[in-house]
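Colleague: Handing you this structure, nothing more for now.
In this note's numbering, the protein residues as written are 120 to 190.
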């Protein structure tokens, strides 16, 4: 039974992690849709967007993700 609780917590953590990722992406997209942004501001937000994605995906690929295979 404890194994299922651990798995359930990992799934819940993964869902929170992914939901947070999508919320941040939507905020970035919303900001980029602002017609009052200058070209420089768009470039800066684009760079932040790329760095955010790099950090998110590196967290999942280097073993620090909250989801793992427990066999």
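Beta carbons are placed, not taken as given, at the ideal position from N, Cα and C, and that holds for glycine.
Please read all numbers here as calculations on a predicted model, not as lab measurements.
With residue 150 and residue 169 assumed to form a contact (beta carbons below 8 Å), what rounded beta-carbon distance in angstroms separates them?
Modeller: Not a contact, Cβ separation roughly 14 Å.
Colleague: On a Cα-Cα basis, can you pick out the residue from 128, 131, 148, 129 that is closest to residue 171?
Modeller: If we check each option's Cα against that of residue 171, 148 comes out closest.
Colleague: Kindly list the residues whose CB is nearer than 8 Å to the CB of residue 156, restricted to its own chain and excluding five residues on each side of it in sequence; keep chain order.
Modeller: Correct list, in chain order: 150, 164.
Colleague: For residue 177, which residues in the same chain have their Cβ closer than 7 Å to its Cβ, ignoring the five residues on either side in sequence?
Modeller: Answer for residue 177: no residue qualifies.
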